[in-house]
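For the record, in the sequence shown the residue sitting at position 332 is 332 according to full-length UniProt numbering, with numbers rising by one throughout. Backbone N, C-alpha and C fix where the C-beta goes; we use that ideal spot for every residue, glycine too. Remember, it's a predicted structure, so these values are computed and weren't measured experimentally. Contents: one structure, followed by commentary.
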Amino acid sequence: NEPPGLTGVSHWVEHMLFKGTPRFPPGSIFRQVNRWGGTLNGFTWLDYTAYFETLPTPGWELALEIEADRMVAASFDPAEVERERTVILSERAGSENQPGTYLREEVVAAAFRAHPYGHPVIGYREDLLHITRDELYQHYRTFYQPNNAVLVVVGDVEPVAALEAIEHHFGGIPAGTMPPALRVTEPEQWGERRVTVRRPAPTAQLLLAWRVPAASHPDIPALLVLDAVLSGGKPVAFGGSGMGRSARLYRALVAPGLCTAAVSSMSLTLDPFLFTISATLTPLVEPRRVEELVDDVVRRIREDPVSEEELARAKRQLAVQFAAANESAQSRAALLGSLAVVCPERSPEQLWWEIEAVTSDDLLRVANTYLRPERRTVGWLEPSPEGEGSLGQASAL
């Protein structure tokens, strides 16, 4: 929902909601939550911004007070806006110190020529320099309304009492006009795309990306299992970069010393996003050799059925991730909330039942459907002192 010129506006608005309202002046919400021994934070991802508080049961309604208030009354003080501009530009610069940031941004931009998933969540530096206070406030007023939000309560609270408290704090906030639906559909990709980024870096990095369906698609459970076969189970809702030693990418690239890391990853998103494989090469290793080995891993997963033992191991690893997501109230709430946004028809339990039902034939089918050479975007980070202080050199076919 971020138009050109306003990339990063959602993340910046998230920052501003911690900067006070008339009822809770700057710093007040932190002091009040800390007084209860609680914690609070927020984050912005591709499809949503999330805010969360963890509090002891006697003080849990403070979270409702805070969220209901800042849903409608965030101040957006101009001086605070400028302070946060500096903070976010510093955050952007910090990420740019990681050479892989440039590689990922170029690959994702090449993979998405129409859809705004091609823009980084934090935004482009030039946009961050010029976004105004009024543009931030307009974005806030457009999207922050109760009928465009999901509220999750997890913990030692009776459901009836929780609903009464929610009605008390949020019931007086009128529903707003729903933001217009995103109408962009990414065109089909008919050929491999390649990107090369030259930046100062200790070693080369490879990133391959294939577009895969949205979280609501029936193939998602099989793709999650396929990801676990390639590099181990990950946190289900948000993806990740775990590197299982028994997984195929580790055995092919890390165990023999060719790479220091080799992982696959996918995230559950509202619209189709990416299944990726990344590798960080050991110094002096020939890049072409690593790409050929990754191609071989992908070819085998497309041609040869996964053994029942390997399939069972991948499911066990995902079961561990589901168990971890239920260990704390905060992680349980995060899983429930994220699925409610990107895939409301699937509860965590439903998703797990579908994962348990995945077969070796399902893995062959999704690998051949989505991990095709003509559907991929390939990116290389080539260490080069000439790239310092620029966006590097990128070429896409």
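Query, Result
"For Ala-111 and Gln-189, the rounded distance between their alpha carbons", "8 Å"
"Spatial neighbours of Thr-123 in its chain, beta-carbon cut-off 6 Å, leaving aside the 5 residues before and after", "Rather than Thr, the amino acid found at residue 123 in this sequence is Gly. So the list reads Thr-7, Gly-8, once near-sequence residues are dropped."
"Proximity of Phe-76 and Tyr-144 at Cβ, strictly below 8 Å", "no"
"For Glu-303 and His-11, the rounded distance between their alpha carbons", "42 Å"
"Sequence-distant residues of its chain with Cβ nearer than 6 Å to Val-154 (five each side left out)", "Ala-329, Arg-332, Ala-333"
"Environment of Gly-5 [buried if 16+ CB atoms lie within 10 Å]", "exposed"
"Span of the beta strand (DSSP E) around Gln-205", "205-212"
"Proximity winner among Tyr-51, Leu-46, Phe-43, relative to Ile-29 (alpha-carbon distances)", "Tyr-51"
"Those residues which DSSP pairs with Ala-50 across a bridge", "Phe-43"
"Contact under 8 Å by Cβ, Ala-247 with Leu-230", "yes"
"Residue closest to Ser-347, alpha-carbon to alpha-carbon, out of Val-236, Thr-369, Ala-261, Val-290", "Val-236"
"Euclidean distance between Cα positions of Pro-200 and Ala-262", "21 Å"
"Gly-392, DSSP secondary structure in three states", "Because the pLDDT of Gly-392 is 39, which lies under 50, any placement of that residue in the model is unreliable, and the number read from its coordinates should be weighed accordingly. DSSP places Gly-392 in coil when its eight states are reduced to three."
"Cβ-Cβ distance between Ala-252 and Val-107 below 8 Å", "no"
"Proximity of Thr-280 and Gln-205 at Cβ, strictly below 8 Å", "yes"
"Residue range of the unbroken beta strand (DSSP E) whose run includes Ala-279", "273-281"
"Per-residue DSSP class, three states only, for Met-266", "strand"
"Beta-ladder partner(s) of Gly-379, from DSSP", "Val-195, Leu-207"
"Check whether Leu-64 and Ile-166 have beta carbons under 8 Å apart", "yes"
"Same chain, Cβ closer than 7 Å to Pro-373, neighbours up to 5 away in sequence not counted", "Glu-192"
"Own chain, CB closer than 8 Å to Ser-216, minus 5 neighbours either side, in chain order", "Val-342, Cys-343, Glu-345, Arg-346"
"Beta-carbon separation (whole angstroms), Leu-318 vs Ala-228, contact threshold 8 Å", "6 Å"
"Neighbourhood of Asn-368 by C-beta, 6 Å cutoff - its chain only, sequence neighbours within 5 removed", "Arg-302"
"Per DSSP, cross-strand counterpart(s) of Ala-161", "Answer is none; Ala-161 lacks a bridge partner."
"Counterpart residues of Cys-259 in DSSP-defined beta bridges", "Leu-281"
"Integer Cβ distance of Glu-14 from Gly-59, believed to fall under 8 Å", "Incorrect: roughly 23 Å between the Cβ atoms, too far for contact."
"Alpha-carbon spacing of Pro-22 relative to Gly-176, whole angstroms", "21 Å"
"8 Å contact criterion, which Arg-271 and Ala-214 should meet: CB distance rounded", "Rather than Arg, the amino acid found at residue 271 in this sequence is Asp. Contact flag correct, Cβ pair sits at about 5 Å."
"Buried or exposed by the 16-neighbour rule on C-beta atoms within 10 Å, applied to Leu-351", "buried"
"Ser-265, buried or exposed, once every other Cβ within 10 Å from all chains shown has been counted against 16", "buried"
"Residue burial classification, Pro-221 (beta-carbon count within 10 angstroms, cutoff 16)", "buried"
"Assigned secondary structure, Phe-76 (DSSP; H/G/I helix, E/B strand, else coil)", "coil"
"Terminal residues of the alpha helix (DSSP H) in which Arg-300 lies", "287-303"
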